[in-house]
Amino acid sequence: MTAEAIIYTILWASAAIATKFGLMAGPPLMLASFRFTFAGVFLLIIRRITYHPLIPPRRWWRPLFILGALNTTVYLGASFIALTVIPAGLFNLFVATNPLMVLLVERFVLHRIITRNQWVGLILATAGLALGAGQSLWQWQTPMWSLALIVLGQTAMALGSVYFHVSHIDLPNIEVNMWQLLTGATLLWPVALGTEGTVPIHWNAQWWGALVWLIGGVSIGAMLLWFHLLRHGGARQASFWLLLTPVIGYILGWLLLHEFITWANIGATLLVIGGLILAQLSAPAAPRRKQTHSTNY
Numbered sequence: 001m002t003a004e005a006i007i008y009t010i011l012w013a014s015a016a017i018a019t020k021f022g023l024m025a026g027p028p029l030m031l032a033s034f035r036f037t038f039a040g041v042f043l044l045i046i047r048r049i050t051y052h053p054l055i056p057p058r059r060w061w062r063p064l065f066i067l068g069a070l071n072t073t074v075y076l077g078a079s080f081i082a083l084t085v086i087p088a089g090l091f092n093l094f095v096a097t098n099p100l101m102v103l104l105v106e107r108f109v110l111h112r113i114i115t116r117n118q119w120v121g122l123i124l125a126t127a128g129l130a131l132g133a134g135q136s137l138w139q140w141q142t143p144m145w146s147l148a149l150i151v152l153g154q155t156a157m158a159l160g161s162v163y164f165h166v167s168h169i170d171l172p173n174i175e176v177n178m179w180q181l182l183t184g185a186t187l188l189w190p191v192a193l194g195t196e197g198t199v200p201i202h203w204n205a206q207w208w209g210a211l212v213w214l215i216g217g218v219s220i221g222a223m224l225l226w227f228h229l230l231r232h233g234g235a236r237q238a239s240f241w242l243l244l245t246p247v248i249g250y251i252l253g254w255l256l257l258h259e260f261i262t263w264a265n266i267g268a269t270l271l272v273i274g275g276l277i278l279a280q281l282s283a284p285a286a287p288r289r290k291q292t293h294s295t296n297y
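When the letters of the sequence shown are read in order and numbered with the UniProt record's numbering, they come out as residues 1 to 297.
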């Protein structure tokens, strides 16, 4: 599972970079709405061409709606707005809060035990997060509302990750992803049109290039890998890999957006990696679930 997790992390870290390019040509919620709609329709066409059923059993409608609202509308909608004012590197650093969110959700909602080493690892990683965020706030004068939106989005994703794992949705990953994208787009379009309907969009290479990468590499590729990691390792183990996103995010931001990498960024990254290693070593092996057609892609 390590190779899949690393590929997922690279794709997920690249999302902030592609979004920054797209935001140079259009407003955030419109960009997000187009992304979710195109990605969902593309998967719908694939399902139709391959003669798979398009409508899931009625018992899964509510779980799919909840996943779409949490993972797509709230998490990514809030993230797109935040990325209008914060650096991509800082955003990817905040993605590292997801394991802490997952642990807290599992602790207080599912009453699961958090080991001492996991707490130490998460405290170490959070210290790195605070170091990098504090330096970025001071240097770029990042507004607090954007950080609040990131925290809101990460909380929604943690809730969605845990909910997916405990709901045992017996559907192929591609179908789950398709419906969470279409549901999320349906919920987001009224907000986007109501707040950004009069904002001009430049239909240039930056806009379409960002959309193509966000749809193919992230909404489809990364999310299918994410569901694969959740099925085989659980929400807690899968989310720990998100701690690597600051490393990849800072490198991509430096290469593609010319964002600075400071000693504080390096120190924060080392603390995050140390927390990841400690938490991973102390994490108990997740029980394997009986596999059905849900592993078909």
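Every residue gets a Cβ at the ideal spot worked out from N, C-alpha and C, and that includes glycine.
Who are the near neighbours of residue i in its chain, counting only those whose CB is closer than 6 Å to its CB and skipping five residues on each side?
| i | result |
| --- | --- |
| tryptophan 241 | Ala5, Thr9 |
| isoleucine 150 | Ala82, Phe94 |
| serine 90 | It should be pointed out that residue 90 corresponds to leucine in this sequence rather than to serine. Around leucine 90: Ser136. |
| leucine 271 | Leu124, Ala127, Gly128 |
| alanine 15 | Val218 |
| arginine 112 | Glu106 |
| residue 340 | Residue 340 falls outside the range modelled here, since the chain spans only 1 to 297, and no answer is possible. |
| valine 74 | Ala156 |
| isoleucine 261 | Tyr250, Trp254 |
| asparagine 265 | Gly132, Tyr250 |
Which residues in the same chain as residue i place their Cβ atom closer than 7 Å to its Cβ, once the five residues preceding and following it in sequence are excluded?
| i | result |
| --- | --- |
| valine 105 | Ala158, Leu159, Val162 |
| glycine 221 | Leu11 |
| phenylalanine 34 | Leu211 |
| leucine 54 | Leu44, Arg47, Arg48 |
| arginine 288 | Residue confidence for arginine 288 is low, a pLDDT of 44 falling below 50, so the modelled location carries little weight and cannot support an answer. |
| proline 143 | Val85 |
Rounded to a whole number of angstroms, what is the C-alpha to C-alpha distance between residue i and residue j?
| i | j | result |
| --- | --- | --- |
| phenylalanine 36 | isoleucine 273 | 31 Å |
| valine 109 | alanine 156 | 14 Å |
| threonine 195 | leucine 29 | 9 Å |
| tryptophan 12 | methionine 223 | 9 Å |
| threonine 198 | glycine 275 | 45 Å |
| arginine 107 | alanine 125 | 18 Å |
| glutamine 118 | alanine 279 | 5 Å |
| residue 311 | proline 246 | For the chain, the structure presents residues 1 to 297; residue 311 sits outside this window and is missing. |
| proline 190 | threonine 269 | 38 Å |
| glycine 184 | histidine 232 | 25 Å |
| leucine 23 | isoleucine 114 | 39 Å |
| glutamine 141 | proline 200 | 27 Å |
| threonine 97 | leucine 257 | 23 Å |
| leucine 122 | leucine 131 | 14 Å |
| leucine 252 | arginine 58 | 42 Å |
| isoleucine 46 | alanine 3 | 26 Å |
| isoleucine 66 | phenylalanine 38 | 20 Å |
| tryptophan 138 | alanine 88 | 16 Å |
| asparagine 92 | leucine 244 | 9 Å |
| arginine 116 | isoleucine 277 | 14 Å |
| isoleucine 7 | tryptophan 254 | 19 Å |
| tryptophan 263 | isoleucine 248 | 16 Å |
| glycine 134 | lysine 20 | 21 Å |
| phenylalanine 42 | glutamate 259 | 33 Å |
| isoleucine 169 | leucine 225 | 16 Å |
| glycine 68 | serine 167 | 14 Å |
| valine 120 | tryptophan 60 | 38 Å |
| leucine 193 | threonine 50 | 34 Å |
| glycine 216 | glycine 209 | 11 Å |
| glycine 267 | threonine 186 | 41 Å |
Can you tell me where the alpha helix (DSSP H) holding residue i begins and where it ends?
| i | result |
| --- | --- |
| threonine 19 | 2 to 23 |
| arginine 107 | 98 to 108 |
| histidine 165 | 144 to 167 |
| threonine 195 | 173 to 196 |
| isoleucine 45 | 28 to 49 |
| serine 219 | Note, serine 219: premise wrong, no alpha helix (DSSP H); not H, not E. |
| asparagine 117 | 116 to 140 |
| glycine 89 | 88 to 94 |
| residue 326 | There is no way to answer for residue 326, as the model of the chain reaches only from 1 to 297. |
| isoleucine 201 | Isoleucine 201 -> no alpha helix (DSSP H), and no H or E assigned at all. |
| leucine 255 | 245 to 256 |
| isoleucine 81 | 75 to 82 |
Give every residue of the same chain whose Cβ lies closer than 8 Å to the Cβ of residue i, excluding the five residues on either side of it in the sequence, and list them in chain order.
| i | result |
| --- | --- |
| phenylalanine 227 | Phe164, Asn173, Val176, Asn177 |
| proline 56 | Leu64, Leu171, Glu175, Trp179 |
| alanine 285 | Low local confidence applies: a pLDDT of 46 at alanine 285 is under 50, so the model's placement there is unreliable, with the coordinate-based value given in what follows. For alanine 285, where only same-chain residues beyond five positions count, there are no Cβ hits under 8 Å. |
| glycine 26 | Val199, Pro200, Ile201, His202, Trp207 |
Do you know whose CA, among the options, lies nearest residue i's CA?
| i | options | result |
| --- | --- | --- |
| leucine 188 | Gly217, Leu31, Ala88 | Leu31 |
| leucine 181 | Lys20, Ile114, Gly40, Gly26 | Gly40 |
| threonine 72 | Phe21, Gln154, Trp60, Tyr51 | Gln154 |
| alanine 18 | Trp61, Trp145, Ala205 | Ala205 |
| tryptophan 145 | Pro53, Val85, Ser167, Trp61 | Val85 |
| serine 79 | Arg112, Leu152, Ile248 | Leu152 |
| leucine 76 | Trp60, Leu230, Leu214 | Leu214 |
| leucine 230 | Gly267, Arg62, Gly216, Pro99 | Pro99 |
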